[in-house]
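*Asks:* What follows is a single structure, and I will ask about it in a moment.
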Amino acid sequence: MKDPEYDAYKRGAFLEKTNRFAKDKASDVPGPGTYDPDGATSQSKAPTMNSTGMGAKSFNDRYAVLQRKLEDLERVHTEGKKTHHLELERVKLELARAQRSAAESAERADKLKKAHDALDGRVQELKRAGASDQSELRELRVKLRTAEAERAQLASKQSDAGEARKALAAAESRRKDELRERDRKIAELERALAAEKKKREGAEARVAEVRGKIDGEKQEARATVSGIQAQLQGALADAQEARTALEGLQTQAVDREEELLEKLEQHRVALSRVAEEYARLASTTVSKSAHVRVQDEAVALRLRIFRLERKLANSDGQVTELVNLVRHTMEENAFLKGRLREAESDVAQYAQLLKDTRQEQVLRSDLKIEKELERYMLEVDKEFAASRKEKVQAILTDIQMWATLHRLRGDAMVLHSSVLLKGLDDADAQSQRYSSLLSDAQTKHAACTKHLEETKQAQADALTRLAETDAALQTARAAEAAVKAQLEANRVHSLEVVAKSQQQVQQEREANRRLANTLQQSRVAQQALQSDIDQLSEELLEAQQYQDAYNNLVEEVDALVARNALAEEEAARLSKFNAEIVGHNNPAQRIVYVDKIRRELHETKQKLLTMTRDRDAVLADNGDLQHELQLYKSVAVPPDLKPRTNVTRVGRAPSQTHSASVNGHQTASTARSAASARRLEPLPETHFRNGDMTLDEII
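If you count the sequence shown from 1, position 232 lands on 232 in the UniProt record's numbering, and the numbers rise without skipping.
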């Protein structure tokens, strides 16, 4: 009987009925923790591992990319946290600065309010000062009217004095110049009084104009102050709103910071949990070399399983063939048994026939033929039994051998199948476990990524809100700066208005003071004029006794003039005579030259005398002017020791003080008498010397 493996390839019909391959293929994706940055092991594998190696490489690349992305996300999160802290600190600093600026603006507003109150008080004071100045102006007007009445009386008295002077024209010739000068001064004083009246009227008009301007400026200042107060109230309201908004923003920022800190803590807890899970996953997984080794073993086992499945399929086919062969053998045995039964029936029939034949031939055959026939039949039976037994023995032996072979093969297949199935179950369980862990890790990573995206979005929202807060803060600062600038401009305008008002009030006071000084000086001048008029009246009464003396002096002067004319004639005659006498020696040039010199000397002396008189008159005028200036200036300090100042102090002369007037007039009369004495000083006597007579000797 032939070996069944000899022609196993011919039994394809039986092999087509078996399932040679596994229904579920093993996954080529490696488990977590198998990342190997070297990649040397995967490159040293056989070409049969290309697909698995490429899958592992792609997974490792994806894992590395994910890990890098996770590191980038952590770095970005850390940087965002630092930036958020910096922005939060900056916002806190800006908020503190804004609060300080708001406090400063509030303080400035309080100061401006206080300054406004002070300006109101100053305006009230200026009003009271203006009222007092108006009362002083009214008093000065009354005094001016009184002075004008007194001046009219003085003018009438002066007219009477003029009539008296006309009556005493002969006695007043000596004092004509002084009276003319006094008249000129009085005219100047009248003109000054008229100018002062005009100035007073102009000052009153200016005062009225200034008062109107001041009232208008007061109204404008009040309107401006009310506008400033309204703007200040609006600025304070805006500052309060800005402060409220800043407080709200600060509260929102604090809440947002706490929320972000809570989210950050949640992220940190999630990251720590992910790290712990990843560490646990990494600790529970194997290295890549072990994984590759297990994967290689799994692939080898898979290939072996494929081979064993092929062998099992072949064995199943062989078992099927063996069953068919056994069935065929059983059929053949049945057929042989039928043939054997047929042969036994034939043998029985032949035996029966033989018995019949024996019975028939007992009588006709001999004993030898029976023996040979019996021997032949026994041999046939023996050979037939031996052949049948041998055939049965061979069939049984073959059946036993095939059964043993199939049993051994089945046991081996069952053993290998159980081992492989156990390994496959373990590998599947481990793969399922790794897949579940990987899916959990991927789910957690996706959750972390989503949470990180939400955190980024929240951070972007926070940055947007922070930018809006910064913009609102900048707007509030700009508004506050504008309000500050407006307040400063209003304050400067108010100060300018107050300064102008003060300056105008000061000018009015200066004008009033100048008017008062002018009136006082006019009063003093009128008093001095009254005293001069009184003194002139007294002197007119005393002038009667001097009239005769004056007439005598006039006669003596006329005599002297006549004598002077005679002396001049005599001098001319003598000069001519001397020229005639001397001219005998030098009749050409000497006489004319000497006469010319004498005439020039005479004219020079005349001019000198005239200039001396003019000088004395100028000195007298200067003395009068100094006396008049002393009425307007203080004489308590000598002029040499008086300090050089830009402002001249004017001492008020005491009103209704007759003694000062008398003293002043005595001083003036003394100065005038001194001037007269200087005018009447005799010329120095000339010593006698030999020679011609000079003009001095002649006079």
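Built from N, CA and C at the ideal position, the CB exists for glycine as well. Since we're looking at a predicted model, the values are computed, not measured.
I need the DSSP call for Glu94, collapsed to helix, strand or coil.
*Replies:* For the purposes of this step, residue 94 is taken as the residue at position 94 of the sequence shown. Correct three-state label for Glu94: helix.
*Asks:* Taking Ala106 as the reference, give the member of Arg145, Ala195, Leu609, Gln233 with the closest Cα.
*Replies:* As a working note, residue 106 is residue 106 in the sequence shown. The residue with the shortest Cα to Cα distance from Ala106 is Gln233.
*Asks:* Given a cut-off of 8 Å on the beta-carbon distance, is the pair His451 and Ala270 in contact?
*Replies:* Within the sequence shown, numbered from 1, the residue matching residue 451 stands at position 451. Within the sequence shown, numbered from 1, the residue matching residue 270 stands at position 270. Taking 8 Å as the Cβ cut-off, His451 and Ala270 qualify as a contacting pair.
*Asks:* Please report how far the alpha carbon of Val557 lies from the alpha carbon of Asp616, in whole angstroms.
*Replies:* For the purposes of this step, residue 557 is identified with residue 557 of the sequence shown, where counting begins at 1. For the purposes of this step, residue 616 is identified with residue 616 of the sequence shown, where counting begins at 1. One C-alpha to the other measures close to 20 Å.
*Asks:* Take the Cβ of Thr404 as the centre, count every other Cβ of all protein chains shown within 10 Å, and call the residue buried at 16 or more, exposed below.
*Replies:* The sequence position of residue 404 within the sequence shown is 404, counting from 1. With fewer than 16 Cβ atoms within 10 Å of its Cβ, Thr404 is classed as exposed.
*Asks:* Closest by CA to Glu468, which one among Leu246, Arg293, Leu303, Asn490?
*Replies:* For the purposes of this step, residue 468 is taken as the residue at position 468 of the sequence shown. Of the listed residues, the one whose Cα sits closest to Glu468 is Leu246.
*Asks:* For Ala40, I'd like the list of residues in its chain whose CB is within less than 8 Å of its CB, leaving aside the five on either flank, ordered along the chain.
*Replies:* Counting from one through the sequence shown, the residue named residue 40 turns up at place 40. Reliability of the predicted coordinates at Ala40 is poor, the pLDDT of 40 falling under 50, and the value obtained from them is presented with this limitation in mind. Excluding positions up to five away in sequence, the list is empty.
*Asks:* Would you mind sorting Ile305 into buried or exposed? The rule is 16 or more other CB atoms within 10 Å of its CB.
*Replies:* The residue labelled residue 305 in the question sits at position 305 within the sequence shown. Result: buried.
*Asks:* Just tell me which of Arg409, Leu93, Lys607 has its CA closest to the CA of Asp308.
*Replies:* Here residue 308 refers to the residue found at position 308 when the sequence shown is read from its first residue. Looking at the sequence shown, residue 308 is not Asp but Leu. Checked all of Arg409, Leu93, Lys607; the closest Cα to Leu308 is Arg409.
*Asks:* For the region 259–277 against the region 471–480, are there 3 or more C-beta pairs whose distance is under 8 Å?
*Replies:* Because the criterion of three Cβ pairs below 8 Å is not met, the region 259–277 and the region 471–480 do not touch.
*Asks:* Among Lys444, Val554, Val326, which has the Cα closest to the Cα of Asp398?
*Replies:* Taking the first residue of the sequence shown as position 1, residue 398 is located at position 398. Comparing Cα-Cα distances from Asp398 to each of Lys444, Val554, Val326, the minimum goes to Val326.
*Asks:* Exposed or buried, Asp356, counting other C-beta atoms within 10 Å across all chains shown (16 or more means buried)?
*Replies:* Looking up residue 356 in the sequence shown gives position 356. The residue in question, Asp356, is exposed, as its Cβ has fewer than 16 Cβ neighbours within 10 Å.
*Asks:* Once DSSP output is grouped into helix, strand and coil, what is the label at Leu553?
*Replies:* Taking the sequence shown and counting its residues from 1, the one referred to as residue 553 is at position 553. If DSSP states are grouped into helix, strand and coil, Leu553 belongs with the helices.
*Asks:* With distances taken Cα to Cα, identify the nearest neighbour of Glu257 among Cys448, Leu86, Ser387, Leu73.
*Replies:* Here residue 257 corresponds to residue number 257 of the sequence shown, with the count starting at 1. The option with the nearest alpha carbon to Glu257 is Leu86.
*Asks:* Spatial neighbours of Ser655 within its chain, please: C-beta separation below 6 Å, excluding the five flanking residues on both sides.
*Replies:* Stepping through the sequence shown from its first residue, residue 655 is reached at position 655. Note that Ser655 scores 45 on pLDDT, short of 50, meaning its location in the model is unreliable and no value can be drawn from it.
*Asks:* For Ala660, which residues of its own chain have a beta-carbon under 6 Å away from its beta-carbon, when the five flanking residues on both sides are left out?
*Replies:* For the purposes of this step, residue 660 is taken as the residue at position 660 of the sequence shown. Any answer about Ala660 is weak, because its pLDDT of 44 lies below 50 and its placement is not dependable; what the coordinates show is given next. Closer than 6 Å at Cβ, skipping near neighbours: no residue.
*Asks:* By how many angstroms is the C-alpha of Glu568 removed from the C-alpha of Val561?
*Replies:* As a first step, residue 561 must be located in the sequence shown, where it is residue number 561. As a first step, residue 568 must be located in the sequence shown, where it is residue number 568. One C-alpha to the other measures close to 10 Å.
*Asks:* In three-state terms, what does DSSP make of Leu631?
*Replies:* Looking up residue 631 in the sequence shown gives position 631. Coil, per DSSP.
*Asks:* Quick one: what's got a C-beta closer than 8 Å to Lys81's C-beta in the same chain, skipping five residues either side?
*Replies:* For the purposes of this step, residue 81 is taken as residue 81 along the sequence shown, with counting starting at 1. These residues qualify, in order along the chain: Leu264.
*Asks:* Tell me the rounded alpha-carbon separation between Asn622 and Arg613.
*Replies:* Position 622 of the sequence shown holds residue 622. Position 613 of the sequence shown holds residue 613. Roughly 14 Å between the two C-alpha positions.
*Asks:* Go ahead and label Arg273 buried or exposed: buried means 16 or more other beta carbons lie within 10 angstroms of its beta carbon, across all protein chains shown.
*Replies:* Start at 1 with the first residue of the sequence shown, and residue 273 comes out as number 273. By the 10 Å Cβ count, Arg273 comes out exposed.
*Asks:* Work out the CA separation of Lys69 and Gln318 for me, nearest whole Å.
*Replies:* Looking up residue 318 in the sequence shown gives position 318. Looking up residue 69 in the sequence shown gives position 69. Whole-angstrom Cα-Cα distance: 59 Å.
*Asks:* Since I believe Leu95 is in contact with Gln252 (beta carbons under 8 Å), could you give me their beta-carbon distance rounded to a whole number of angstroms?
*Replies:* Numbered from its first residue, the sequence shown carries residue 252 at position 252. Numbered from its first residue, the sequence shown carries residue 95 at position 95. Contact doesn't hold; Cβ gap of about 12 Å is too wide.
*Asks:* Have a look at Glu570 and Ile597 and give me their C-alpha separation to the nearest angstrom.
*Replies:* By one-based count along the sequence shown, residue 570 stands at place 570. By one-based count along the sequence shown, residue 597 stands at place 597. The alpha-carbon atoms of Glu570 and Ile597 are separated by roughly 18 Å.
*Asks:* Quick one: Cα of Glu209 to Cα of His493, how far?
*Replies:* For the purposes of this step, residue 209 is taken as residue 209 along the sequence shown, with counting starting at 1. For the purposes of this step, residue 493 is taken as residue 493 along the sequence shown, with counting starting at 1. Distance between the alpha carbons of Glu209 and His493 is about 21 Å.
*Asks:* Assuming contact is defined by CB atoms lying nearer than 8 Å, are Leu281 and Leu437 in contact in what I supplied?
*Replies:* Mapped onto the sequence shown, residue 281 falls at position 281. Mapped onto the sequence shown, residue 437 falls at position 437. Yes.
*Asks:* From Val292, Gly248, Glu259, Ser132, pick the residue whose C-alpha is nearest to that of Asp461; which is it?
*Replies:* Position 461 of the sequence shown, counted from the first residue, corresponds to residue 461. The shortest C-alpha separation from Asp461 is found at Glu259.
*Asks:* Taking Asp255 as the reference, give the member of Glu555, Leu88, Thr78, Ala386 with the closest Cα.
*Replies:* Within the sequence shown, numbered from 1, the residue matching residue 255 stands at position 255. Of Glu555, Leu88, Thr78, Ala386, the residue nearest in Cα terms is Leu88.
*Asks:* Suppose you measure from the CA of Glu79 to the CA of Leu93; what does that come to, to the nearest Å?
*Replies:* Residue numbering aside, residue 79 sits at position 79 when the sequence shown is read from its first letter. Residue numbering aside, residue 93 sits at position 93 when the sequence shown is read from its first letter. Taking the straight line from one Cα to the other gives about 21 Å.
*Asks:* Output yes or no for whether 8 Å exceeds the beta carbon distance between Leu487 and Arg108.
*Replies:* Residue 487 sits at position 487 when you count from the first residue of the sequence shown. Residue 108 sits at position 108 when you count from the first residue of the sequence shown. Yes, these two residues count as a Cβ contact at 8 Å.
*Asks:* Just to confirm my understanding: we take Ala103, look at its own chain, exclude 5 residues before and 5 after, and list those with CB closer than 6 Å. What are they?
*Replies:* Working through the sequence shown from its first residue, we reach residue 103 at position 103. Excluding residues within five positions, none has a Cβ falling inside 6 Å.
*Asks:* From this set, Ser132, Leu112, Ser289, Asp238, which residue's C-alpha is nearest Ser226's C-alpha?
*Replies:* Locating residue 226 in the sequence shown gives position 226, counting from the first residue. Nearest of Ser132, Leu112, Ser289, Asp238 to Ser226, Cα basis: Leu112.
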